[in-house]
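Novice: Going down the list, the sequences are from chains A and B. Start counting the first sequence at -16; every next residue gets the next number (the working numbering). Start counting the second sequence at 45; every next residue gets the next number (the working numbering). Sending over a structure as structure tokens; questions will come in a sec.
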Amino acid sequence: MSVRSPGARLARLGPGGTLPRSALPELGWDDFSVALLDGVAAGQRVAAYFGVAGRPEVRGERTTHLHLVLADDQASTLFAGTTTIAGDRLPALTPRCAELHLFEREIAEQFALALDGHPWPKPVRFSPPFADLSGAAPSASPALRPDAAARARLPGVVDFYEVQGSEVHEVGVGPVHAGVIEPGHFRFQCHGEAVFHLEICLGYQHRGVERALSGGPDRRSVHYLETVAGDSTIGHATAHAELVEALSGARVPPRASAVRAIALELERLANHVGDLGALAGDVGFLPTASYCGRIRGDFLNLSAELCGSRFGRGLVRPGGAAFDLDEALARRLAERLDRAFADSRSAIELLWDTPSVMERFEDIGTVAHQDALTLALRGPAARASGVDRDVRRDHPSGLYRMQQIPVSLADSGDVFARAVVRWLEIQRSVVFVREQLAALPRGPVRAAARDLAPDRIAVALVEGWRGEICHVALTDGSGHFERYKIVDPSFQNWSALALAVRGGQISDFPLTNKSFNLSYCGHDL
Amino acid sequence: MLKLLQARLRQGHRTLRYPDGPAPDLPERFRGHPTLDDSLCADSCRACVDECPTQAIAVEPKLSVDLGRCLFCGDCAAACPTGAIGYSRDYRLAARSRADLLVDEERAVRLASALDGEARRLFGRSLKLRQVSAGGCNGCESEVNVLSTVVWDLSRFGVEIVASPRHADGLIVTGPVTANMRFALEATYAAVAPPKIVIAVGACAIAGGPYIDHPEAANGADAVVPVDLYVPGCPPHPLTLLDGLLRLLGRLPADRYSAHS
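See below:
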């Protein structure tokens, strides 16, 4: 067991989640790993853990700088620190800290490192390492070349966890699914109907977002963030805007914060209502499925009234918001919100009154409280397993610093719990949006853009509808992004889906999957 | 049971009257077909070109926009000092060829013509489509899904999204076609029995969207499969999508709907 050197610890991030990079403690590997493991043991969790390529001239050997951001939800504090590893190997801490498992696989893949001691060292996205793609022409991508090496890199063409035995069989699903959804591969080990194990293999949606953000911000940056996970446009665009604002010292006008918070809650409303309808559809309860499919559109149309786009494209911009609303529009939005909410209540409450629905929701796809903690789940998936965690309360930014929304919790961890948490959040978001529309602060909605400060780190956390969206930016000496790290809540939560179906019936997979409704492209980036 | 009936009464009948009746109202800030006015362009001004995230705009020889590349973000209109470029609420944007999506002051998008001959006979009253997301962000996918809700009720036109390429007459492709989905898209296309059609939905599937020229993706579906209909937008409004589909099937009376305002 390593012993921490006296005084070696992570730095606390200041207001706005930013620090000069020189204030980031550069720890030795032993101190770094102890700081990480001790922090997690004390109830903190890993918000981000990622690599930055070292400059080759620093030492004779190739180096990778590892950056860690720990979140202490109780104390509303973020901690950060770095360490440098030389050579081609990354020592895995996953055996002692399960929530790291995908972070470590991601670092290994992005920086072509071998993982030492990782229980499941596989690619995350089947993408060439960053170094192979810097400055690459479109045709130069190994994955696009139809040669043997490229075929070997085809996603999903890897060994999977296998259960063996005479009555064990394997079921493979995807990447192209039966519904209109994004691609991913699911490999089940089954015994009859019972699922022993599910391994989820993603990466099909990988578009190179993080790589392309390096060197920014530029005119394309915000559009990458708006399409990281297209159903979370406001969430990711807000995290990006907050980073840029923290790095440039821009002061966001209060009215802009209000508009952004309204848009974020409208995004939550549309998706939660849509999800409850889809859950009803997956158990064959068509009234709620049909009604919610339509009502989701009513909420999307409120976003379109605000900015012209049902998905909030073009609304959030660094410095504030690109669209304002006058009193007449605010009143109209409030009226339509009330109508859509009344329709939602009539559609959704049918679920709880229908025994055949409850029979299919309860005790299906359960994630135990302890597993949710161990995997550091985000968002409604965590709250449905009784994990009292919500960025809007724990690490508030923008309007949420002043205006609180009660955290919605359930404790059974099953499909029912994830449904009921959504319904609670719908009700609370409606109250919140109604209040904000009635009391918009006066003033402008946008502050002038400024250049980013050089050599700083900034972290932004936003509670998107799926949970915590974490963006981290490191600027170089000229005030450009040297590294832009995105952690979508799906990155952590896909593992929960794999756990949730274990021991259940394979026919419950679609329902369980829908109860998480995770993002493929948010994971694949 | 009583509550079920109450809810049923409350929710009412919600299917649009379009296309027999008028199209639904679009929000005031909706960004549809661009409005361009060359005469307002100041000499050597390139504000819109410099602002555009996807190089969709040219000012030489004249102000023009490639709707296949356009994200309809409005950044150009916000940057333009004279109002030479803006966006109308005209939702009709779908075209049969890439060239038809290039618009300037005189030339609006050349709206999609109907399939002809055998294809129209086969698909005009019954078209089954399989959707393949190949790097789509779930924006376009969501709007495709919306067409199956009670509001749009796509199946009243004989158009349905089906679960297998073996049941399909064609594909709806979304996303720029990531390197990691290229093989799956090729295989899915091959699994559809000929004759077959492909519909590229959204800026990514038409030209790569924000991911233009990324080594991790192709610049749209037609780099991999032949495309019969391009539906611009990021994502396209469901009305734009439905309009494109109905035009392709010859289900919109040309005299009533194809004249461009």
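Ideal Cβ placement from N, Cα and C applies to all residues, glycine included. Computed from a predicted structure; not experimentally measured.
When the Cα atoms are used, what is the spatial distance from L2 (chain A) to L61 (chain A)?
Specialist: Here residue 2 (chain A) refers to the residue found at position 19 of the first sequence. Here residue 61 (chain A) refers to the residue found at position 78 of the first sequence. Answer to the nearest angstrom: the Cα atoms are 11 angstroms apart.
Novice: According to the Cβ coordinates, are P254 (chain B) and T210 (chain A) closer than 9 angstroms?
Specialist: In the second sequence, counting from the first residue as 1, residue 254 (chain B) sits at position 210. In the first sequence, counting from the first residue as 1, residue 210 (chain A) sits at position 227. A contact, by the Cβ cut-off of 9 angstroms.
Novice: Shortest alpha-carbon distance to P66 (chain B) belongs to which of B:L293, B:G288, B:C96 and B:L283?
Specialist: As a working mapping, residue 66 (chain B) is identified with position 22 in the second sequence. P66 (chain B) has its Cα closest to that of B:L283, out of B:L293, B:G288, B:C96 and B:L283.
Novice: Which same chain residues, not among the five before or five after A123 (chain A), have their C-beta less than 8 angstroms away from its C-beta?
Specialist: As a position in the first sequence, residue 123 (chain A) is number 140, starting the count at 1. The pLDDT assigned to A123 (chain A) is 43, lower than 50, so where the model puts this residue is not dependable; a value taken from the coordinates is nonetheless given after this. Closer than 8 angstroms at the Cβ level, and outside the excluded window around A123 (chain A), lies no residue.
Novice: Using the C-alpha atoms, what's the distance from H206 (chain A) back to G180 (chain B)?
Specialist: Translated into the one-based positions of the second sequence, residue 180 (chain B) becomes position 136. Translated into the one-based positions of the first sequence, residue 206 (chain A) becomes position 223. Whole-angstrom Cα-Cα distance: 14 angstroms.
Novice: Give me, in chain order, the residues of the same chain whose beta-carbon lies closer than 8 angstroms to that of F268 (chain A); leave out the 5 immediate sequence neighbours on both sides.
Specialist: Locating residue 268 (chain A) in the first sequence gives position 285, where the first residue counts as 1. Counting only Cβ-Cβ distances below 8 angstroms, and skipping sequence neighbours, we find L333, L334, T337, S339 and V340.
Novice: CB-CB under 7 angstroms to L83 (chain A), same chain, minus the five flanking residues each way: which ones, in chain order?
Specialist: Looking up residue 83 (chain A) in the first sequence gives position 100. Result list for L83 (chain A): V29, Y32, L76 and T77, in chain order.
Novice: Between F306 (chain A) and L298 (chain A), which are expected to be in contact by the criterion C-beta below 8 angstroms, what is the C-beta distance as a whole number of angstroms?
Specialist: The residue you call residue 306 (chain A) lines up with position 323 of the first sequence. The residue you call residue 298 (chain A) lines up with position 315 of the first sequence. Right, their Cβ atoms sit about 6 angstroms apart.
Novice: Alpha helix (DSSP H) containing Q55 (chain B): first to last residue?
Specialist: Taking the second sequence and counting its residues from 1, one reaches residue 55 (chain B) at position 11. Run containing Q55 (chain B): L46 to Q55, per the alpha helix (DSSP H) assignment.
Novice: A228 (chain B) touches chain A at which residues, Cβ-Cβ below 8 angstroms?
Specialist: Along the second sequence, one-based indexing puts residue 228 (chain B) at 184. Chain A residues near A228 (chain B): P158, V159, P166 and Y187.
Novice: Checking the sheet assignment: what are the DSSP bridge partners for V147 (chain B)?
Specialist: Taking the first residue of the second sequence as position 1, residue 147 (chain B) is located at position 103. V147 (chain B) is bridged to B:V109.
Novice: Can you give the Cα-Cα distance for D507 (chain A) and V256 (chain A), rounded to whole angstroms?
Specialist: For the purposes of this step, residue 507 (chain A) is taken as residue 524 along the first sequence, with counting starting at 1. For the purposes of this step, residue 256 (chain A) is taken as residue 273 along the first sequence, with counting starting at 1. If you take the alpha carbons of D507 (chain A) and V256 (chain A), they lie about 25 angstroms apart.
Novice: Closer than 7 angstroms, Cβ to Cβ, to anything on chain A: give me those residues from the segment 176 to 204 of chain B, in chain order.
Specialist: Going along the segment 176 to 204 of chain B in chain order, one finds V176, S177, G179, G180, C181, N182, G183, E185, S186, V188, N189, V190, T193, V194 and V195 with a Cβ nearer than 7 angstroms to chain A.
Novice: Can you check DSSP and say which residues form a bridge with G34 (chain A)?
Specialist: As a first step, residue 34 (chain A) is located in the first sequence; it is residue number 51 there, counting from the start. Its beta-bridge partners are A:L49.
Novice: Taking a Cβ distance cut-off of 8 angstroms, strictly less, list which residues of the segment 284 to 296 of chain A are near chain B, in chain order.
Specialist: The residues in question are N284, A287, E288, L289, C290, G291, S292, R293, F294 and R296.
Novice: Using a Cβ-Cβ cut-off of less than 9 angstroms, give me the residues of the segment 110 to 121 of chain B that come near chain A, in sequence order.
Specialist: Under the 9 angstroms Cβ criterion, the segment 110 to 121 of chain B contributes L115, F116, C117, G118 and D119.
Novice: Quick one: residues in its chain with C-beta nearer than 8 angstroms to the C-beta of C80 (chain A), no 5 flanking neighbours on either side, listed in chain order?
Specialist: As a first step, residue 80 (chain A) is located in the first sequence; it is residue number 97 there, counting from the start. Taken in chain order, the residues that qualify are L19, L20, V23 and V29.
Novice: E310 (chain A): which of A:A253, A:T357, A:A422 and A:G70 sits nearest, CA to CA?
Specialist: As a working note, residue 310 (chain A) is residue 327 in the first sequence. It is A:A422.
Novice: Which first and last residues belong to the alpha helix (DSSP H) in which L19 (chain A) is found?
Specialist: For the purposes of this step, residue 19 (chain A) is identified with residue 36 of the first sequence, where counting begins at 1. Run containing L19 (chain A): W12 to A24, per the alpha helix (DSSP H) assignment.
Novice: C290 (chain A) by DSSP, collapsed to three states: which one?
Specialist: For this step, residue 290 (chain A) is matched to residue 307 along the first sequence. In the structure shown, C290 (chain A) sits in a helix (DSSP, three-state: H, G or I).
Novice: The ligand HEM and L173 (chain B): does the residue's C-beta get closer than 8 angstroms to at least one heavy atom of that ligand?
Specialist: With respect to the ligand HEM, the structure shown offers nothing to examine, as it has no ligands at all.
Novice: Just confirm the distance between the C-beta atoms of V563 (chain A) and I489 (chain A), as a whole number of angstroms; I'd bet it's less than 8 angstroms.
Specialist: Nothing about residue 563 (chain A) can be reported from this structure: the residues present for chain A run from -16 to 508 only.
Novice: Which stretch, first to last residue, makes up the alpha helix (DSSP H) that contains A479 (chain A)?
Specialist: By 1-based counting over the first sequence, the position of residue 479 (chain A) is 496. Taken as a continuous stretch (DSSP letters only), the alpha helix (DSSP H) holding A479 (chain A) covers P472 to V484.
Novice: Is the CB of E332 (chain A) under 9 angstroms away from at least one CB in chain B?
Specialist: The residue given as residue 332 (chain A) occupies position 349 in the first sequence. Judged by the 9 angstroms Cβ criterion, E332 (chain A) is in contact with chain B.
Novice: Residues of chain B with CB under 9 angstroms from F474 (chain A), in chain order?
Specialist: For the purposes of this step, residue 474 (chain A) is taken as the residue at position 491 of the first sequence. The contacting residues do not exist; F474 (chain A) stays about 15 angstroms from chain B at best.
Novice: Strictly below 8 angstroms CB to CB, what residues from chain A border E149 (chain B)?
Specialist: Looking up residue 149 (chain B) in the second sequence gives position 105. The premise fails here: E149 (chain B) is roughly 22 angstroms from chain A at the closest Cβ pair, so nothing lies under 8 angstroms.
Novice: Evaluate A231 (chain B) with the Cβ neighbour count: other Cβ atoms within 10 Å of its Cβ, from every protein chain shown; 16 or more gives buried, anything less gives exposed.
Specialist: Taking the first residue of the second sequence as 1, we reach residue 231 (chain B) at position 187. That one is exposed.
Novice: Beta-carbon of K172 (chain B) versus every beta-carbon of chain E: anything under 9 angstroms?
Specialist: Looking for chain E here will not work: the only protein chains present are A and B.
Novice: Exposed or buried, which one is A163 (chain B) when buried takes at least 16 other CB atoms within 10 Å?
Specialist: In the second sequence, counting from the first residue as 1, residue 163 (chain B) sits at position 119. That one is buried.
Novice: With a threshold of 8 angstroms, are at least 3 pairs of Cβ atoms found where one atom belongs to the segment 133 to 151 of chain B and the other to the segment 167 to 176 of chain A?
Specialist: These segments do not touch.
Novice: Tell me which same chain residues have a C-beta within less than 7 angstroms of the C-beta of R234 (chain A), skipping the five on either side of it?
Specialist: Taking the first residue of the first sequence as position 1, residue 234 (chain A) is located at position 251. Cβ neighbours of R234 (chain A) beyond the five flanking positions: A430.
Novice: Specify the secondary structure class of S395 (chain A) as computed by DSSP and reduced to three states.
Specialist: Within the first sequence, residue 395 (chain A) is the residue found at index 412, counting from 1. Three-state DSSP puts S395 (chain A) in coil, outside helix and strand.
Novice: Looking at the secondary structure, which residues open and close the beta strand (DSSP E) in which S177 (chain B) lies?
Specialist: In the second sequence, residue 177 (chain B) corresponds to position 133, counting from 1. Where S177 (chain B) is concerned, the enclosing beta strand (DSSP E) stretches over L171 to S177.
Novice: So, does the CB of A261 (chain B) fall closer than 9 angstroms to a CB anywhere in chain A?
Specialist: Indexing the second sequence from 1 puts residue 261 (chain B) at position 217. Closer than 9 angstroms to some Cβ of chain A, the Cβ of A261 (chain B) qualifies, so yes.
Novice: Run the CB neighbour count on H211 (chain B), radius 10 Å, all protein chains shown included, and call it buried at 16 or more, exposed below.
Specialist: Here residue 211 (chain B) corresponds to residue number 167 of the second sequence, with the count starting at 1. By the neighbour-count rule (16 or more Cβ atoms within 10 Å), H211 (chain B) is not buried but exposed.
Novice: Pairing CB atoms from the segment 387 to 401 of chain A with CB atoms from the segment 349 to 366 of chain A, are three or more of them under 8 angstroms?
Specialist: Taking 8 angstroms as the limit for Cβ pairs, the verdict is that the segment 349 to 366 of chain A does touch the segment 387 to 401 of chain A.
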